[in-house]
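All remarks here apply to the structure that follows.
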Amino acid sequence: MPRSGQTRIRTANVVFCDGHVESPTLKFLFADTSDDALSRWNRDHQPHRDRLAP
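At position 29 of the sequence shown the residue is numbered 127 (the working numbering), and the sequence of numbers has no breaks.
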């Protein structure tokens, strides 16, 4: 069991407009550029890679 101060937070609670909550990994939220990860944030469920920063 890790000592206090040595725990690592790897997920975040995300609340969506329809009221459901998910706990994706921080990597999925901020670093994943797969089509699945990108398309979940757009209303038309398309990845829109052309809008990614260079």
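Here a beta-carbon is modelled for each residue, glycine too, at the ideal position from N, C-alpha and C.
In chain order, Val119 place their CB closer than 7 Å to the CB of Val113, counting only its own chain and leaving out the 5 sequence neighbours on each side. Considering only Cys115, Leu150, Ala129, Arg147, the residue with the shortest C-alpha distance to Thr109 is Ala129. In this structure, the CA atom of Leu136 is about 15 Å from the CA atom of Pro152. Sequence-distant partners of Thr123 (beyond 5 residues in either direction) whose C-beta falls short of 6 Å from its own C-beta, in its chain, are Arg108, Thr109.
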